[in-house]
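Novice: Just so we're on the same page, our numbering is the position in the sequence shown counted from 1, plus 3. Cβ atoms here follow ideal geometry from the backbone N, Cα and C, with glycine treated the same way. Being a predicted model, the structure only gives us computed values, none of them experimental.
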Amino acid sequence: MLLYYVRTFLPWILLAVVSGWNDRAGAAAGLAAALVLLAQDLRRGHRLDSLILELSATVFMALLTALAFAAPGSSLLDYGASMAIGWLALTAWGTLLAGRPFTEGVGRRGVGDEIAATDLFKRITTVIAIVWAISFTVMALVLAYVQHAAPDGTALLVAVKIAGFTVPIVFTARYPEIAQQRHFARHGIDREAVR
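If you want it as structure tokens, here you go:
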């Protein structure tokens, strides 16, 4: 699971690291990584609904790269970290509003069609998407404040990002098991009989 998140967020990581030296290079590196990862996933036959974050990253990186090259002195580029996380927040909230949380497609990669069709699976993936959306939103707001108030506060920016990603990653790893246990207990289902 951790490898999935590192791979999925690689364009965002490259953007953050390389932009520290050069905004154009950071945006271009993020775009290149997003395109390569998306192409690999499509070649592997992944369904589009499981690639929402990858598609969103590609669109954002393309827009940011265009901005970085068209207006290299734009003050918007000073808020790259908060814009990037804000974009992820919009993506997460948008999928929730559309009734197709991005986590549903991701979760489908690890389960069969029978499980993916259950209400329990849909509830679990929706709750996980809400946690990610809230985390992205809070992180984007805090990053925007830090970038405005202390633009050279690199350690604080990194700490906010680490906390902002750690919370939903840990929640995503633990919540499905907890939700299943509650569901089985509530319905008097013997968990061993289900396996």
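#1: For LEU99, which of ALA132, ALA176, LEU123 and ARG185 has the nearest alpha-carbon?
#2: Give the range of the alpha helix (DSSP H) segment to which PHE12 is assigned.
#3: If we ignore side chains and look at the alpha-carbon of each, how far apart do VAL149 and ALA158 end up?
#4: From PHE124 to ASP155, what distance separates their C-alpha atoms?
#5: Which residue spans inside the stretch 138–198 form an unbroken alpha helix (DSSP H) run of at least 4?
#6: Does the distance from the CB of GLY76 to the CB of PHE139 come in under 9 angstroms?
#7: Quick test of the definition: if touching needs 3 or more C-beta pairs under 8 angstroms, does the stretch 176–196 touch the stretch 34–52?
#8: The alpha helix (DSSP H) that contains SER85, what's its start and end?
#9: Can you check whether the CB of LEU58 is closer than 9 angstroms to the CB of VAL109?
#10: Identify whether THR121 lies in helix, strand or coil by the three-state DSSP scheme.
#11: Rounded to whole angstroms, what's the CA-CA distance from ASP116 to GLY23? Just pull it up for me.
Specialist: The structure says:
#1: Answer by Cα proximity: ALA132.
#2: Premise fails: PHE12 is in no alpha helix (DSSP H) and is neither H nor E.
#3: 11 angstroms
#4: 43 angstroms
#5: 157–189 and 194–197
#6: no
#7: no
#8: 83–100
#9: no
#10: coil
#11: 43 angstroms
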